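So for the sequence shown, full-length UniProt numbering puts the first residue at 1; every next one is plus one.
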Amino acid sequence: MDTHIFQNKDFSAAYQKGMFLVSEKVNHLVLSYLEEKKGKPFELAIDAGCGTGISTRMLAPYFQKVIGIDMSESQLSEARKMTSQKNIHYQISKAEKMPVDDSSVDLLHSALAAHWFDPEMFAQETARVLKPGGCLALQSASVVFEIRYNDCTEKLSRIFSEAIKKLLENDKHVADILKSQYEDIFRAIPFLDKKRITDIQETFLVTVPDIMDLIRAVCLYHTFLEQDKEKAVEFLQDLEKSFFSVLGESASDTRLELNVKFFCLLASKA
Ligand SMILES: C[S@@+](CC[C@H](N)C(=O)[O-])C[C@H]1O[C@@H](n2cnc3c(N)ncnc32)[C@H](O)[C@@H]1O
1 MDTHIFQNKD
11 FSAAYQKGMF
21 LVSEKVNHLV
31 LSYLEEKKGK
41 PFELAIDAGC
51 GTGISTRMLA
61 PYFQKVIGID
71 MSESQLSEAR
81 KMTSQKNIHY
91 QISKAEKMPV
101 DDSSVDLLHS
111 ALAAHWFDPE
121 MFAQETARVL
131 KPGGCLALQS
141 ASVVFEIRYN
151 DCTEKLSRIF
161 SEAIKKLLEN
171 DKHVADILKS
181 QYEDIFRAIP
191 FLDKKRITDI
201 QETFLVTVPD
211 IMDLIRAVCL
221 YHTFLEQDKE
231 KAVEFLQDLE
241 KSFFSVLGES
251 ASDTRLELNV
261 KFFCLLASKA
């Protein structure tokens, strides 16, 4: 899988600026699951594919130490700029070979990233690093979105869904993994105690400029830019125009409800 875009500073700056898809509800589910399966104390969490550290910072208050690992230095550089918690450490590393001892991790977490990992290698590494009773939690947004606003919901949702579909065409492999909601990874996890929770709905209040920044933060948009810059720029301009044609030209500050369905894979080592 081609992941070189993640090393690009422009991508990381756009990611830091535009990404807001983080779910409090999923975070709560993950922590409750860990409490049930392993119990306290929560000593060490790993956030694999931590990117600019959004989910790493969310975990920090609950653990003695959190290590955010990512294969991209430009992502980690943004994460370090944004992080003040003293119990967070960032380290460059692949998720398939983590810089920790065997049976040392309470929670292995990953948000919006596991679709880039090698499922078999990551599953083996999970079994190596987790403590007995330790948990794996992988979460992502699904590819189903809805934008609600007065009587424009259907039109706005259709415009956004078409845009997402177009972006997913830039990497069919990743698109399939997301559409299957991590079926292959789920199968590869060598624990009996595992489950997938789907359709966890979160609502974000956003403006059209927020949505445009979100698209600019998506790796698949940067793949598109690399493949055909002119078409990618035109795609964004057309998307913005379509939103304003529905909402009216002066709707930049209008608050829309972006409904996102998250899914989460949970597993616990015996
Ligand atoms: C879409 S970002 C998600 C970042 C963050 N977890 C969040 O929720 O915003 C995906 C991240 O996974 C990282 N990544 C992709 N494949 C990886 C791998 N095999 N090992 C470690 N990091 C990886 C990328 O560098 C990128 O920062």
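We put the beta carbon where it would ideally sit given N, CA and C, even for glycine. Being a predicted model, the structure only gives us computed values, none of them experimental.
Got a sec: does ligand 1 put a non-hydrogen atom nearer than 6 Å to the Cβ of residue i?
i	result
residue 23	no
residue 54	yes
residue 97	no
residue 3	yes
residue 75	yes
residue 112	yes
residue 19	yes
residue 235	no
residue 50	yes
residue 262	no
residue 224	no
residue 94	yes
residue 117	yes
residue 6	yes
Would DSSP call residue i helix, strand or coil?
i	result
residue 112	coil
residue 90	strand
residue 213	helix
residue 233	helix
residue 238	helix
residue 252	coil
residue 131	strand
residue 227	helix
residue 270	coil
residue 162	helix
residue 198	strand
residue 147	strand
residue 16	helix
residue 84	coil
residue 3	coil
In its own chain, which residues sit with a C-beta less than 7 Å from the C-beta of residue i, not counting the 5 before and 5 after it?
i	result
residue 121	96
residue 118	96
residue 181	142, 196, 198 and 263
Measuring straight from C-alpha to C-alpha, what distance separates residue i and residue j?
i	j	result
residue 13	residue 144	26 Å
residue 22	residue 197	16 Å
residue 72	residue 270	32 Å
residue 232	residue 226	9 Å
residue 140	residue 263	6 Å
residue 235	residue 99	40 Å
residue 175	residue 183	12 Å
residue 210	residue 252	9 Å
residue 49	residue 247	36 Å
residue 169	residue 261	20 Å
residue 30	residue 104	18 Å
residue 266	residue 33	8 Å
residue 17	residue 115	22 Å
residue 6	residue 74	8 Å
residue 230	residue 218	17 Å
residue 161	residue 146	8 Å
residue 9	residue 108	27 Å
residue 221	residue 215	7 Å
residue 127	residue 191	8 Å
residue 55	residue 135	16 Å
residue 243	residue 206	13 Å
residue 133	residue 193	10 Å
residue 53	residue 153	32 Å
residue 76	residue 155	38 Å
residue 212	residue 26	25 Å
residue 78	residue 66	17 Å
residue 201	residue 259	7 Å
residue 203	residue 59	21 Å
With a threshold of 8 Å on Cβ separation, who are the neighbours of residue i within its own chain once the five nearest residues in sequence on each side are excluded?
i	result
residue 57	82, 83, 85 and 88
residue 131	38, 103, 104, 105, 106 and 269
residue 123	185, 188, 189 and 190
For ligand 3, I want to know if residue i counts as a neighbour, meaning its beta carbon is within less than 6 Å of at least one of the ligand's heavy atoms.
i	result
residue 70	Because ligand 3 does not appear in the structure shown, any question about it cannot be addressed here, the ligands present being ligand 1.
Note down, in chain order, each residue of its chain lying with its Cβ closer than 6 Å to the Cβ of residue i, except the 5 sequence neighbours on either side.
i	result
residue 157	146 and 147
residue 224	170 and 232
residue 43	64 and 106
Which parts of the segment 37-75 are runs of the alpha helix (DSSP H), unbroken and 4 residues or longer, counting only runs that do not cross its ends?
54-59
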